[in-house]
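Note that full-length UniProt numbering has the sequence shown beginning at 1, numbered continuously upward.
Taking it in order: structure first as structure tokens, then the write-up.
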Amino acid sequence: MSPSSRSMSGSRTMPVPATASTELPLVECFSSLQGEGLHIGRRQVFLRLGGCNLNCGYCDTDFRICDTCRFETTPGSGRFKAVPNPVSVETLCALLDQWLALAPNLHHALSLTGGEPLLHADALNDWLPVLAERLPIHLETNGTLYQCLPALMPHLTFLSIDLKLEATTGSPTPWNEHRHFLQAARSRPAQVKIVVDTGQDEEELVQGATLVEELLPAAPLFLQPVTRDGGPDVSGEQLLAWQQLLSRHHPDTRVVPQIHPLLRID
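Dropping the structure here:
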């Protein structure tokens with residue numbers, strides 16, 4: 001099932017772009033280190049899709065859909081070429097095949113990111129069987145479009161699921177959507193991430209940890225401090241206190257910042 005023509009972000013609606021089932025509106029494709037969570041430091045191919053159904057206050061990612069997208073010419077080079085949007089799976093596979101031939105053992109997985117990749121579930125249902133022949137597929141998602149997940153699960157090897165809490169996003173926490181999403185994700189390895197900021201609502205943090213323990217007890221829960229001015233913007237003392245609090249509700253609670261700002265890479 002694909003999302004409806006309008007998706008909810010807190011109390012306001014945002015249009016969802018219509019896409020052809022065999023093409024996707026991409027923002028960029030590049031090779032870099034995974035900078036968050038369980039697979040931090042592993043080299044991955046990142047496929048960023050355009051559009052999002054949320055409007056998180058801390059988001060610094062450009063996921064606008066434009067007439068062209070960016071393809072990195074050589075993995076890790078930081079040099080890009082413009083490719084017309086939307087993009088066919090054949091165009092993407094030609095690039096991936098070049099990279100895999102150049103460095104056969106370099107990439108751990110292909111990470112679908114955004115924006116919100118599940119806005120394009122219909123096209124991904126066509127694409128993922130082809131892409132999965134080349135690399136394992138990881139999904140980075142805001143954990144709200146649960147209706148779209150079941151059809152794609154056979155092609156996914158790992159899910160990184162965000163819980164979007166009101167204190168950081170500025171919109172009401174979509175608890176019902178998160179609950180349904182975690183239930184739908186049970187058949188695959190996963191991690192859950194909560195971006196935290198100063199002034200966090202501890203009751204919401206506990207509610208999130210309790211939900212993860214109930215529905216995905218084997219998944220590590222990552223507290224990721226908001227990054228500002230090149231580093232975490234929450235004190236270490238506060239992060240340790242939150243970890244101690246949440247470990248009572250979900251024992252595998254970890255604190256890991258983003259590493260990209262520290263290494264000055266994308």
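Built from N, CA and C at the ideal position, the CB exists for glycine as well.
Other residues of its chain near residue i: CB distance less than 6 Å, five sequence neighbours each side excluded
i, result
"Thr151", "Correcting the residue type first, residue 151 is Ala in the shown sequence and not Thr. Contacts found: Asn125."
"Lys81", "Phe71, Thr73"
"Val130", "Val89"
"Glu166", "Pro172, Thr173"
"Leu112", "Leu47, Leu139"
"Ala218", "none"
For residue i, the nearest candidate out of the options (CA to CA)
i, options, result
"Leu223", "Glu214, Asp229, Glu202, Gly230", "Glu202"
"Arg186", "Gly51, Thr253, Leu102, Leu149", "Leu149"
"Leu163", "Asp233, Ala190, His138", "Ala190"
"Ala184", "Val196, Leu216, Ser171, Gly199", "Leu216"
"Gly51", "Asn142, Leu106, Asn176, Leu95", "Asn142"
"Ser31", "Thr210, Leu38, Leu119, Pro75", "Pro75"
"Thr198", "His180, Gly236, Leu246, Arg179", "Gly236"
"Ser77", "Met153, Leu33, Asn176", "Leu33"
"Asn176", "Ala167, Leu159, Leu211", "Leu211"
"Gln147", "Ile161, Thr157, Leu118", "Leu118"
Alpha carbon of residue i to alpha carbon of residue j, nearest angstrom
i, j, result
"Asp252", "Pro136", "25 Å"
"Arg64", "Ala241", "37 Å"
"Ser9", "Arg134", "At Ser9, the pLDDT of 36 sits below 50, so the modelled position is not reliable; the number obtained from the coordinates is stated separately. Roughly 34 Å between the two C-alpha positions."
"Ala103", "Asp97", "10 Å"
"Glu116", "Thr169", "15 Å"
"Leu262", "Gly231", "7 Å"
"Cys66", "Asp229", "28 Å"
"Pro220", "Val192", "6 Å"
"Cys69", "Leu92", "12 Å"
"Gly208", "Leu139", "20 Å"
"Leu110", "Trp99", "12 Å"
"residue 347", "Ile265", "Outside the shown range of the chain (1 to 266) lies residue 347, about which nothing can therefore be said."
"Asn105", "Val83", "26 Å"
"Met153", "Ala132", "12 Å"
"Pro172", "Asp122", "28 Å"
"Ser247", "Val206", "9 Å"
"Thr157", "Leu245", "31 Å"
"Val27", "Ile161", "21 Å"
CB contact flag (residue i, residue j, <9 Å)
i, j, result
"Gly35", "Ile259", "yes"
"His155", "Leu182", "no"
"Arg42", "Cys29", "no"
"Glu204", "His250", "no"
"Gly37", "Val256", "yes"
"Gln200", "His108", "no"
"Leu159", "Arg179", "no"
"Gln238", "Arg254", "no"
Close beta carbons around residue i, own chain, < 7 Å, minus the five adjacent residues each side
i, result
"Pro174", "Thr144, Lys164"
"residue 271", "As shown, the chain starts at 1 and ends at 266. That puts residue 271 outside it, with no answer to give."
"Ala101", "none"
Close-in-space but distant-in-sequence residues of the same chain around residue i (CB under 8 Å, 5 per side omitted)
i, result
"Asp233", "Asp197, Thr198, Pro225, Val226, Thr227"
"Arg79", "Glu72, Thr73"
Heavy atom of the ligand SAH within 8 Å of residue i beta-carbon
i, result
"Val89", "As presented, the structure is devoid of all ligands, the ligand SAH included, so that no description of it is given."
Uninterrupted alpha helix (DSSP H) stretches inside the stretch 109–153 (no shorter than 4 residues): 121–131, 149–152
Every unbroken beta strand (DSSP E) inside the stretch 178–222 [3 residues or more]: 190–196
Ranges of the beta strand (DSSP E) found wholly within the stretch 219–244, counting only runs of at least 3: Correct list: 221–225.
Whole runs of the beta strand (DSSP E) within the stretch 25–82, excluding any shorter than 3 residues: Those beta strand (DSSP E) runs which fall completely within the stretch 25–82 and span 3+ residues are 26–33, 43–49, 68–72.
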